[in-house]
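Quick notes on the structure that follows.
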Amino acid sequence: MKREIPIALTVLCGLAIVWSFFTPSPYADAVNSELNTWALVFFSVAFLLGIGNLVRISLKQIAAGHADAVFKVVLLVVLFGYLGVGLLEIHQQRLGLFGSSEGRVVGLGGHGERALRDWIYRKSFVPLQATMFSLLAFYIASAAFRAFRARSLESTLLLAAGTIVMLGQVPLGDQLTGGLASRALAFLMVHVNGAGQTAIIIGATLGVLATGLRIVLGIERSYLSD
Amino acid sequence: MATLGDLDRRWIFLAMGLLVVGMYAAGVKADLPSSPYVDSFYRTVEELPPRSIVLLSADFDPASAAELLPMYTGVIHHLLARKLRIVNTATWPAAPPYIRQEFARIAPLYGAVYGEDWVELGFKPGDDVAMGIIAQSLQNAFPTESRDGRSYADVPLLREVGAGMQGIDLLVTMSAGYPGILEWIAQVGGRYDVPIVCGTTAVQTPDIFAFYPRQVRGFLGAATGATQYLQLVDEVTTDAGVTAIKEENQRRMQVQSWGHVLIIGLIVLGNVIYFRGKRAPR
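Take a look at the structure:
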């Protein structure tokens, strides 16, 4: 029964979703809505499981004196600190924990009840994530010099296409080529890329459909660790 | 040449850093000619009758804000200047602070009233499943609005939005990846009669060409699309903020131009060294 019940539930839910997607009826909509809500509940529980697992692993490494222990401490402090600020501000907003929330401004550059949370977000998370992403410019430049070689016909075509896209995307490209770069870019994007993308999407969708059918029909059981 | 081939990559980092900082300090900016995709995005918004309701989804985070935030800001200006009403959602957890920040700044410029002309619904977890629920019943997805916690039925704007995207005249998504425009197309475009337009990152833009113009009426591709769109929006709004963002983006495009030229130069140099090395007698 450890196998049969999960498979039966999967088949039932899968068929119900497919049925509701293609059947315009209030019953189908109700079933779909209910199953989607369950999916959201599972999704939220997965968040909690993720946090639990992260805390467990981090605590283990801290206790064992791992080389990264100090980073794990920072991780836990930030995780629970930000969570605490969020919960406190929600309570402030909903329950008026510190008196009326009407027009309350924490005064750290934000506005309203979420000022502290937003301030922390803007002053730490935004610059950190933006910095991480900005580093790509440096690594791409380095990789372009070291790895982007015309070793074969395919790599030469890729190199030529990449150069055209880089030139066509920016105003200087057209200034240097008299408008040729953006026209070449449009041709590449619409005809070559568009056709390729369509083919990939159709192929991938057929693959997903086949996999979905195998799961719904109980043939594919790898999700049960079979 | 052999010495150049062993070039320490820190020299490349330094060259890129100096180029970006130098060009940015120079402050050179340039007008960009608009593209048909941006024109189509703009026209789709312009063709909506006043008081239409637009579902605007902020599906991005700080990593992609350099590309998508100017678009998002431009869209809010454009919609409110056209007297269109906005229902704002997010399927990325890091997006709501941007929503709060931008609406708090822009809405008063157009005299937009919260709950009547725009409403914040906040973040909905669940990726494409959440999008399906939003499309199926906005009220089920968001029983309360996110700013004041008022119930759905107490918000005049939301009372006009029914199940199955009823009342929504346009879906606009600022999409940084998964979940984003491709999932909105699957969950909304394929099931409901609601036109979709989007703004995308450079990485995601090539994916959209396959869907234009039937499933996606128009799109703003990366910083280039954002700049082209802001140029158009700047013509219909009187706010100096839009002009400032437009000019900032035009400057960034010049910086990006020279960054691309440097990368192309490095590719050429790398290949020259490679081919000379192949021909040299061992």
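Sequence lines, in order, name chains X and C.
Per the working numbering, residue 1 is the first one in the first sequence, and the count goes up by one each step.
Per the working numbering, residue 1001 is the first one in the second sequence, and the count goes up by one each step.
For each residue, glycine too, the CB sits at the ideal point set by N, CA and C.
Distance between residue j and residue i (C-alpha atoms, nearest Å)
| i | j | result |
| --- | --- | --- |
| Q1187 of chain C | A1104 of chain C | 30 Å |
| G235 of chain X | I51 of chain X | Because chain X in this structure spans residues 1 to 226, residue 235 of chain X falls outside the shown range and cannot be described. |
| Q175 of chain X | Q1254 of chain C | 12 Å |
| S152 of chain X | Y1072 of chain C | 42 Å |
| L76 of chain X | W1258 of chain C | 42 Å |
| I120 of chain X | L1069 of chain C | 19 Å |
| L1182 of chain C | I1086 of chain C | 21 Å |
| A16 of chain X | L35 of chain X | 9 Å |
| G1167 of chain C | Y1192 of chain C | 12 Å |
| L9 of chain X | A46 of chain X | 19 Å |
| L209 of chain X | L1157 of chain C | 39 Å |
| T211 of chain X | I7 of chain X | 15 Å |
| A1112 of chain C | D1154 of chain C | 18 Å |
| A1141 of chain C | A137 of chain X | 39 Å |
| F1013 of chain C | A161 of chain X | 24 Å |
| M166 of chain X | G84 of chain X | 45 Å |
| L180 of chain X | L172 of chain X | 11 Å |
| D1234 of chain C | G1074 of chain C | 8 Å |
| L224 of chain X | R214 of chain X | 13 Å |
| S1034 of chain C | V126 of chain X | 30 Å |
| D1239 of chain C | L1109 of chain C | 8 Å |
| G1241 of chain C | I1106 of chain C | 9 Å |
| D1021 of chain C | L206 of chain X | The identity of residue 1021 of chain C in the sequence shown is Val, whereas the question assumes Asp. Their Cα atoms are separated by approximately 48 Å. |
Reduced DSSP secondary structure (H/G/I, E/B, other) of residue i
| i | result |
| --- | --- |
| R1085 of chain C | strand |
| T1144 of chain C | strand |
| F1041 of chain C | helix |
| A227 of chain X | The question about residue 227 of chain X has no answer here: the residues shown for chain X are numbered 1 through 226. |
| Y1178 of chain C | coil |
| V78 of chain X | helix |
| A1065 of chain C | helix |
| G1126 of chain C | coil |
| G1221 of chain C | strand |
| A1090 of chain C | strand |
| S1151 of chain C | strand |
| G109 of chain X | Low per-residue confidence applies at G109 of chain X: pLDDT is 37, beneath 50, and the placement is therefore not dependable, though the value from the model is reported in the following sentence. Looking at G109 of chain X - three-state DSSP - the assignment turns out to be coil, as it is neither helix nor strand. |
| Y1212 of chain C | coil |
| Y1114 of chain C | strand |
| A210 of chain X | helix |
| V1268 of chain C | helix |
| T1243 of chain C | helix |
| P1070 of chain C | helix |
| K72 of chain X | helix |
| H66 of chain X | coil |
| P1050 of chain C | coil |
Continuous beta strand (DSSP E) stretch holding residue i: start and end
| i | result |
| --- | --- |
| E1120 of chain C | 1118-1123 |
| A1058 of chain C | 1053-1059 |
| V1172 of chain C | 1168-1175 |
| L217 of chain X | Where L217 of chain X is concerned, there is no enclosing beta strand (DSSP E), given that its DSSP letter is neither H nor E. |
| T1237 of chain C | No beta strand (DSSP E) holds T1237 of chain C; DSSP gives it neither H nor E. |
| V1197 of chain C | 1196-1200 |
Cβ-Cβ separation, residue j to residue i (assumed contact under 8 Å), whole Å
| i | j | result |
| --- | --- | --- |
| D1061 of chain C | T1091 of chain C | No, D1061 of chain C and T1091 of chain C are not in contact; Cβ-Cβ is about 11 Å, not under 8 Å. |
| T1201 of chain C | S1064 of chain C | 5 Å |
| V1161 of chain C | I1076 of chain C | Actually they are not in contact, since the Cβ atoms of V1161 of chain C and I1076 of chain C sit about 18 Å apart, beyond 8 Å. |
| V216 of chain X | V11 of chain X | 6 Å |
| R1082 of chain C | P1050 of chain C | 7 Å |
| I1267 of chain C | L159 of chain X | 7 Å |
| V1038 of chain C | L1220 of chain C | 6 Å |
| Y1229 of chain C | Y1098 of chain C | Rounded, the Cβ-Cβ distance is 17 Å, inconsistent with contact. |
Reference residue i, options the options, closest by Cα
| i | options | result |
| --- | --- | --- |
| M1023 of chain C | C:I1264, C:G1132, C:H1260, C:V1272 | C:H1260 |
| M1174 of chain C | C:L1232, C:E1235, C:A1226 | C:A1226 |
| N32 of chain X | X:G168, X:V55, X:G14, X:Q197 | X:G14 |
| A1163 of chain C | C:T1224, C:G1122, C:G1177, C:V1194 | C:V1194 |
| I201 of chain X | C:F1209, C:V1197, C:K1246 | C:F1209 |
| F43 of chain X | C:K1246, C:K1124, C:D1207 | C:K1124 |
| W1118 of chain C | C:R1159, C:L1007, C:I1133, C:R1214 | C:R1159 |
| L128 of chain X | C:I1263, C:Y1152, C:A1094 | C:A1094 |
| A1135 of chain C | C:M1165, C:D1207, C:G1005, C:L1004 | C:M1165 |
| D29 of chain X | C:G1132, C:V1236, C:Q1256 | C:G1132 |
| G1122 of chain C | C:R1147, C:K1029, C:A1222, C:G1115 | C:R1147 |
Limits of the alpha helix (DSSP H) - the one that residue i falls within
| i | result |
| --- | --- |
| V41 of chain X | 26-63 |
| F1013 of chain C | 1009-1026 |
| G168 of chain X | 153-168 |
| G14 of chain X | 4-22 |
| D174 of chain X | 171-177 |
| F1103 of chain C | 1096-1106 |
| L185 of chain X | 180-187 |
| A115 of chain X | 115-120 |
| R1159 of chain C | 1156-1159 |
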